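Notes follow the structure.
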Amino acid sequence: MRNSLINILILLLLLSACSMSRQKLSPQANLYLKSANVYYQQKDNETSLNKALALYTKVLEDNPYHVIALKRSADILLYFASQIEPKETKDDDGNPVYPNMDNAAKAISYFRQTYGKYDSVLTAINTFEKLNDDDRAMKRDATRKKESSWVRLYKIGQLYYHTNDYPEAIKTLEMVFNLDSSRKEPLRMLVLAYQETGDQDKIEFYLNKVLADNPDDLEMIKMMGAHYYKNNDYAKAIEYFNKVLEKEPLNTNNMLLIYAAYSLQKDYQSAYDVLVKVLKLDPENKEVLGYAKDLAIALGNKPAEIDYWKRILALDPSLENIENYCFRMIRIENYDGVMPYAEKWFQKDPTNKDAVSVCVLIASKIGRKDLEKKYSDIFKSMK
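Here it is as structure tokens:
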């Protein structure tokens, strides 16, 4: 029984020693701490809070990990930051209204300090051999406020971006990411900010970071494809656009990017094959029909070219399209079915000698003597 009592007394002494050592201060620092605590209680008085902060700073010079001095100085700085931090608001229609950013740099300085001090509080508490209720409460509060400081720094970085101050946005977002590299939110914003400044190396650097963390991030995959396309690396662009195609097989805009990349590589067959797939999804797209027709010409695929011409004319029988079709058919010596379009050309532009000449030529090629004579007589009567 006596030995047990002695052991209990020894344990109490050890715990007391630990408690005192983790809060150990010099006599002068203790005086600073007591004075700081008095000023700290006057929480609505900025002058008193500044005095408290100055005194807590002196305490920390004596013991850099004194948790009360760390925590309360962080709380004061967080209060100061909250008074000046820029915040997004909404107008009556719910649209974002971005603030004046004049005090943003000062708010960033405060939040950066609060983040560091709360982190130091947590580091100090984690060295304690045994936590009491006050320690646990302080740990929870410091954890929450450290997180809040990070989030508010990130939001200021976003606000710089939305107010078109891209250099400050980049500076802030990179600082925020370096504070906690496990948080990936700044990476996406950094991609967008660097796109505005045109720094291609940085765009690729941060895109790779985002995709390393989340290889299925479709928006970033699209951006990576666009990045490589813009920088003339068409093989890599196609690689990423094909990844998009796997996830969005009906995305014709993405298919057209693949077509364009293949075309710029002069891989016309692959480009043509892509357009065939697009036209299966969107058969009346005049622009794509025009691309397909041009590639059929480049590939020497006469039947496909003729088919695309007819599909284009069915959708848009404009004078320009009819003229181009007729001249092209004459050039490739394909006269079958061309006469009706030659006559339409004449009907639309009856004073055009080229239209009449084409009618004469086509009629002669298809053995229509009656039409050949008709249009020859018209041509002779023209001045």
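For the sequence shown, my numbering assigns the number 656 to the last residue and increments by one with no breaks.
All residues carry an ideal CB built from backbone N, CA and C; glycine is no exception.
Fair warning: this is a prediction, and the values are worked out from it, not measured in the lab.
For residue 562, the uninterrupted alpha helix (DSSP H) run begins and ends at 559–571, by DSSP. For residue 453, there is no enclosing alpha helix (DSSP H), since its DSSP letter is neither H nor E. The beta carbon of residue 636 sits closer than 7 Å to those of 612, 644, 645, 648, all from its chain and outside the five residues before and after it, given in chain order.
If you draw a straight line from the Cα of residue 571 to the Cα of residue 533, it comes to about 15 Å. Non-local C-beta neighbours of residue 446 in its own chain, meaning closer than 6 Å and more than five positions away in sequence, comprise 430, 459, 462, 463, ordered along the chain.
Straight-line measurement puts the Cα of residue 384 at about 20 Å from the Cα of residue 328. Residue pairing from DSSP places residue 362 in a beta bridge opposite 370. DSSP, reduced to helix, strand and coil, places residue 481 within a helical segment of the structure shown. DSSP places residue 639 in the coil class of the three-state scheme, outside both helix and strand.
Residue 358 and residue 297 have their C-alpha atoms roughly 35 Å apart. Considering only 639, 588, 589, the residue with the shortest C-alpha distance to residue 610 is 639. At the C-beta level, residue 350 and residue 387 come within 8 Å of one another. For residue 531, the enclosing alpha helix (DSSP H) begins and ends at 525–537. Secondary structure at residue 401: coil, using DSSP grouped into helix, strand and coil.
For residue 620, the enclosing alpha helix (DSSP H) covers residues 612–621. Around residue 395, the same chain offers 412, 415, 416, 419 as residues with beta carbons nearer than 8 Å, after the five sequence neighbours per side are excluded.
Each residue's CA atom was taken as its position, placing residue 632 and residue 580 some 21 Å apart.
Counting C-beta atoms within 10 angstroms of its own C-beta, residue 523 has fewer than 16 neighbours from the protein chains shown and is therefore classed as exposed.
Taking 8 Å as the cut-off, the Cβ atoms of residue 343 and residue 390 count as close. Restricting attention to 378, 535, 592, the CA atom closest to the CA of residue 617 is found in 592.
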